[in-house]
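J.: Have a look at this one before I ask anything.
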Amino acid sequence: NIRTLRTRASLSWGTGCPSRRRALTEESRISPVSVGYLSPRLYRGPAPSLHMTSEEVAVDLPPVCPPHTSDMEAVQEEIEHLKREIIEANEDRAKAAEYGLVLLEEKQALAGQIEELNSLYDSARRELETAVESIKRVQNDYEKRLKDVENQREQLLSEMESRESTLISRVDKQQEQIRQLERKLKQAVSEQEHLSDHNTILTTEIDKHKSGKRDKPTILNTLTTVGVWNS
């Protein structure tokens with residue numbers, strides 16, 4: 220996982236004798252993979268260390284013969300390929316950074332929404348608790364009033380029963396008095412009729428006496444008979 224920004228390879232050749240290959244980089248360290256890409260067939264030495272500098276790599280390179288044109292083209296293609304991969308990697312990192320910013324913004328927005336929802340939840344919970352307490356108070360008042368109404372109802376029923384029994388007793392007494400008065404009235408009417416009959420008889424006898432048709436003893440006997448006069 221060694222990170223290399225860009226690698227440049229430069230081949231210098233001497234006159235007559237085999238020349239020496241030099242590798243130059245913009246960083247102080249070079250990947251052994253990149254060194255292998257420069258000329259995989261020409262380098263026969265030991266594998267370079269991960270911590271070797273470009274100068275050390277250049278010194279360790281053995282003298283080689285001039286490479287063929289096909290090797291140069293392969294190296295150039297590999298360099299272009301690496302450049303494209305680096306560009307794509309940079310683009311991917313830029314996209315990843317953009318996605319990270321978008322995700323961070325969404326996270327912040329979600330955090331704000333969660334905080335707002337928590338605030339709304341707390342407000343709703345407090346309102347619910349207040350409503351529950353109010354309902355409990357109203358329910359207690361209702362139960363108390365209902366109990367008072369039941370007590371008043373029972374008291375009124377008791378008073379009504381007492382009054383009803385009193386009124387029934389009075390009505391019975393008055394009806395008994397009415398019956399007694401009716402009996403007395405009947406007796407009085409009977410006596411009145413009896414006296415009326417006697418009065419008629421006496422009136423007849425008196426009229427006869429005045430006309431001289433009957434004597435005094437007859438009148439006395441008549442009075443004794445009707446019970447008005449006792450001898």
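Each residue of the sequence shown is one higher than the one before, starting from 220 at the first, in our numbering. All C-beta atoms, glycine included, are put in the ideal place defined by N, C-alpha and C.
What do you get for E369, buried or exposed, if any count of 16 or more other CB atoms within 10 angstroms of its CB means buried?
T.: Translated into positions along the sequence shown, residue 369 becomes position 150. Exposed, because fewer than 16 other Cβ atoms sit within 10 Å of the Cβ of E369.
J.: Counting C-beta neighbours from all protein chains within 10 Å, is the total for E373 16 or more, i.e. buried, or is it exposed?
T.: Position 154 of the sequence shown, counted from the first residue, corresponds to residue 373. When all chains shown are included, E373 counts as exposed.
J.: Using 10 angstroms around the beta-carbon of E424, count the other beta-carbons present and answer buried if the total reaches 16, otherwise exposed.
T.: If you number the sequence shown from 1, residue 424 lands on position 205. E424 is buried by the Cβ-count criterion.
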